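Residue numbering for the sequence shown follows numbering that gives the first Met the number 0, beginning at 0 and increasing consecutively. In this text, a Cβ means the ideal position worked out from N, Cα and C, and glycines have one as well. In this text, all values refer to a predicted model and were calculated from it rather than measured experimentally. To keep things clear, I will list the structure first and then write my remarks on it.
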Amino acid sequence: MLTSPGWRDVVVLGGAQEPGPALTGSRVLMDVAGHPAPMAGELLVVVLASDHTDWRIDALISRASAAGAAAVLLAGVEPLGRGAQLLAERLQLPVLGSPDPLAAHEHMNKVTAEPGVVRADLVLRAVTALRRADGNLASVLRTASTVLDRPVTLAGSDGGTLAGEALGADERVALVAELPAVPVGWAAPYRVDQPSGAVLIAVAVLGVGPVCWLVARLPAVVPAEVAAVPAVLTVVAPAVGERLALRRLELERDARQRTSLLGELLHGEPSEATRRRAVDLGWQLDGWHTGIRIGADGPVDVAGRRADVVEAFDAEGLHADVVEQGEGWSAWITAAREPTATQVQQQAAAIRRVQRRLVQTVDAYVGVGRVAAGPSGIASSLAEAGDAAGLARGRAETGRFLHVDRLGLAQLLLAWTRTDTFQPAARALLAPIEDQPGDLVTTLAVYLDTESTLAETAAVLGIHRNTAAARIAKIQHLLGVDLANPDERLALHLASRTTKN
Numbered sequence: 000m001l002t003s004p005g006w007r008d009v010v011v012l013g014g015a016q017e018p019g020p021a022l023t024g025s026r027v028l029m030d031v032a033g034h035p036a037p038m039a040g041e042l043l044v045v046v047l048a049s050d051h052t053d054w055r056i057d058a059l060i061s062r063a064s065a066a067g068a069a070a071v072l073l074a075g076v077e078p079l080g081r082g083a084q085l086l087a088e089r090l091q092l093p094v095l096g097s098p099d100p101l102a103a104h105e106h107m108n109k110v111t112a113e114p115g116v117v118r119a120d121l122v123l124r125a126v127t128a129l130r131r132a133d134g135n136l137a138s139v140l141r142t143a144s145t146v147l148d149r150p151v152t153l154a155g156s157d158g159g160t161l162a163g164e165a166l167g168a169d170e171r172v173a174l175v176a177e178l179p180a181v182p183v184g185w186a187a188p189y190r191v192d193q194p195s196g197a198v199l200i201a202v203a204v205l206g207v208g209p210v211c212w213l214v215a216r217l218p219a220v221v222p223a224e225v226a227a228v229p230a231v232l233t234v235v236a237p238a239v240g241e242r243l244a245l246r247r248l249e250l251e252r253d254a255r256q257r258t259s260l261l262g263e264l265l266h267g268e269p270s271e272a273t274r275r276r277a278v279d280l281g282w283q284l285d286g287w288h289t290g291i292r293i294g295a296d297g298p299v300d301v302a303g304r305r306a307d308v309v310e311a312f313d314a315e316g317l318h319a320d321v322v323e324q325g326e327g328w329s330a331w332i333t334a335a336r337e338p339t340a341t342q343v344q345q346q347a348a349a350i351r352r353v354q355r356r357l358v359q360t361v362d363a364y365v366g367v368g369r370v371a372a373g374p375s376g377i378a379s380s381l382a383e384a385g386d387a388a389g390l391a392r393g394r395a396e397t398g399r400f401l402h403v404d405r406l407g408l409a410q411l412l413l414a415w416t417r418t419d420t421f422q423p424a425a426r427a428l429l430a431p432i433e434d435q436p437g438d439l440v441t442t443l444a445v446y447l448d449t450e451s452t453l454a455e456t457a458a459v460l461g462i463h464r465n466t467a468a469a470r471i472a473k474i475q476h477l478l479g480v481d482l483a484n485p486d487e488r489l490a491l492h493l494a495s496r497t498t499k500n
């Protein structure tokens, strides 16, 4: 009850600290001098204020305990006297305080004796409030949270937060474990009990786009609330579905507009009308462009997740124009002046970090094209990025990320390394590390692919930097080579690529 919205001003003054038996109702006593009748499991509410250090409070606690009261609620929140504190603890009787004990009494009786009234009242309030809510999704969720006085979240099928207050990690795990991946037709509300005693109530939001869930969080079990919350969420869910459907239509309309315009850019010199449309979308056609192709394995909502891609670029300080294309996204970054070689490498490192952000929720692989100028440069760089992404998709040793500046001549050399004469020599060269623990051949390939960067090697392999350093030192010792020597590096790079392809 202390977690119930109607008891927000009720505080514990003393007595039992552990939960006792369930409260069955409440009964009013006018002042501390009264004598309560037998009242097993009920709350004794004292209406008139009194000095909480008065000896009569001690006597009241004794009489309430003898009458079988589950707890005592006093008027006011002043601390108890020392004697009353000790007596309440010895009798294991919770003593509570409230500035408005009658309001607490009325709420107590409502949730214990009239749960149907609680449910009807909340549903009526929800319907009335939704009529006044704004057209956006955030307003609907705020309305539901206000009516329930509880956090309300819109969660995806993976438990990820789509809108509202974010769910905790444990709550996400519990939801995914309990909820069906694809509800069929009308889905009944689900109740998920947490080890902490909290309760999650989830109702499916069905309509356009992937299934999502409206989730309310109750910090503890108050039966009347647990029964009322599903009814409220069931009323709110269609309003959420309507907003999502409208939003989905907007996303798909905007996606078609972007995809159509990009198609025009990829198939020739842009017309004046195309340039005007590009300006409307905020695209800069002149300048130096770096094309990026982000592919995704498995089903992905490319229109719905575009905002996540844009956010990942923004988080790395990159302004990218992102367009939904096929099973993924095409993007490009524009600079007013031609980037230097150092700037190109720094940008590629930042794009790799963008990929790391995305792979937390999307099985993404990324290709990056060379810098090219003008509107035609967008097309040429994106074409190279697409080829690089195709190669990256099957190359776990590079973190499924390839930058064309790192390919070029290396790809021509790699074609030679696949000949019958080179492959046996490559295997012989790497034989001392082939069967060693820690997959040293893969470690070597990643290390050389990432330009001998230990931090990058560790990130791609998912190991600690010190572990990567130890493996590289072991490789040099076993092979008897110096990886700082360009000739030895080239030979080992080609050999490791050959054995891993």
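- Assigned secondary structure, Val220 (DSSP; H/G/I helix, E/B strand, else coil): coil
- Who are the near neighbours of Val308 in its chain, counting only those whose CB is closer than 6 Å to its CB and skipping five residues on each side? Val321 and Trp328
- Message: Here's a check: name, in chain order, each residue in its chain whose Cβ is nearer than 8 Å to the Cβ of Asp57, leaving out the five neighbours to either side.
- Response: Gly80, Gly82, Ala83 and Leu86
- Rounded to whole angstroms, what's the CA-CA distance from Leu248 to Arg242? Just pull it up for me. Whole-angstrom Cα-Cα distance: 10 Å.
- Item | Span of the beta strand (DSSP E) around Ala334 | Gly327 to Ala334
- Task: Output the distance between the C-alpha atoms of Val210 and Ser156, rounded to the nearest integer angstrom.
- Result: 6 Å
- Message: Rounded to the nearest angstrom, what separates Pro431 and Leu478 at their Cα positions?
- Response: A direct Cα-to-Cα measurement between Pro431 and Leu478 gives close to 6 Å.
- Task: Can you give me the Cβ contacts of Glu433 inside the same chain, cut-off strictly under 7 Å, excluding the 5 residues immediately before and after it?
- Result: Val440
- Query: Just checking my contact of Leu317 with Ile332 at CB under 8 Å: how many whole Å lie between their CB atoms?
  - Reply: 6 Å
- Message: If we require 4 or more residues per run, which alpha helix (DSSP H) segments fall completely within the region 259-285?
- Response: Contiguous alpha helix (DSSP H) elements confined to the region 259-285 occur at 271-280, taking only those with 4 or more residues.
- Message: Which residues does DSSP list as the beta-bridge partners of Ile521?
- Response: Nothing about residue 521 can be read from this structure; the chain reaches only from 0 to 500.
- Determine the contact status of Val76 and Val10, defining contact as a CB-CB distance below 7 Å. yes
- Message: Helix, strand or coil, according to DSSP, for Glu433 in the structure here?
- Response: helix
- Query: Are the CB atoms of Trp282 and Ala372 nearer to each other than 7 Å?
  - Reply: no
- Backbone CA spacing between Ala319 and Leu260 [nearest angstrom]: 16 Å
- Buried/exposed call for Gln359, threshold 16 Cβ in 10 Å: The residue in question, Gln359, is exposed, as its Cβ has fewer than 16 Cβ neighbours within 10 Å.
- Ala384 vs Val367 beta-carbon contact at 7 Å: yes
- Task: Over the uninterrupted beta strand (DSSP E) stretch that includes Asp362, give me the two end residues.
- Result: First-last of the beta strand (DSSP E) with Asp362: Asp362 to Ala372.
- May I have the straight-line CA-CA distance separating Ala103 from Ala39, to the nearest angstrom? 19 Å
- Query: For the candidate residues Ala70, Gly13, Val46 and Ala236, whose alpha-carbon lies nearest to that of Thr23?
  - Reply: Ala70
- Query: Going by alpha carbons, who is nearest to Ala203 out of Val175, Gly196 and Pro222?
  - Reply: With distances taken between Cα atoms, Ala203 lies closest to Val175.
- Arg292 (DSSP reduced to helix, strand or coil): strand
- Nearest CA to the CA of Asn362: which residue from Leu47, Gly67, Gly297 and Ser451? The identity of residue 362 in the sequence shown is Asp, whereas the question assumes Asn. The option with the nearest alpha carbon to Asp362 is Gly297.
- Item | Helix, strand or coil at Asp300 [DSSP, three-state] | coil
- Message: Quick check on Glu224: buried or exposed, where buried means 16 or more other Cβ atoms within 10 Å of its Cβ?
- Response: buried
- Task: With distances taken Cα to Cα, identify the nearest neighbour of Ala173 among Trp212, Leu199, Leu161 and Val151.
- Result: Leu199
- Neighbourhood of Ala335 by C-beta distance below 8 Å, restricted to the same chain and skipping five residues each side: Gly286 and Trp287
- Query: So, helix, strand or coil for Asp320, using DSSP?
  - Reply: strand
- Message: Which of the three DSSP states is assigned to Ala483 in this structure?
- Response: Coil.
- Compare the C-alpha of Thr127 against each of Val459, Val234, Arg255 and Gly303 and name the closest. Val234
- Contacts around Leu411, its chain only, beta-carbon distance under 6 Å, and the 5 residues preceding and following it disregarded: At Leu411 the pLDDT is 41, less than 50, meaning the model places this residue with poor confidence; the figure from the coordinates comes in the next sentence. Correct list: empty, nothing qualifies.
- Message: If the criterion is Cβ atoms closer than 7 Å, does the pair Leu42 and Ser61 meet it?
- Response: no
- Could you pull out every residue in the same chain whose Cβ sits closer than 8 Å to the Cβ of Leu250, ignoring the five residues on either side in sequence? Ala302, Gly303 and Arg305
- Query: Do Arg464 and Leu453 have their C-beta atoms within less than 7 Å of each other?
  - Reply: yes
- Message: What does the alpha-carbon distance come out to for the pair Pro188 and Asn108?
- Response: 26 Å
- Message: Please report the distance separating the alpha-carbon of Gly33 from that of Val94.
- Response: Roughly 16 Å between the two C-alpha positions.
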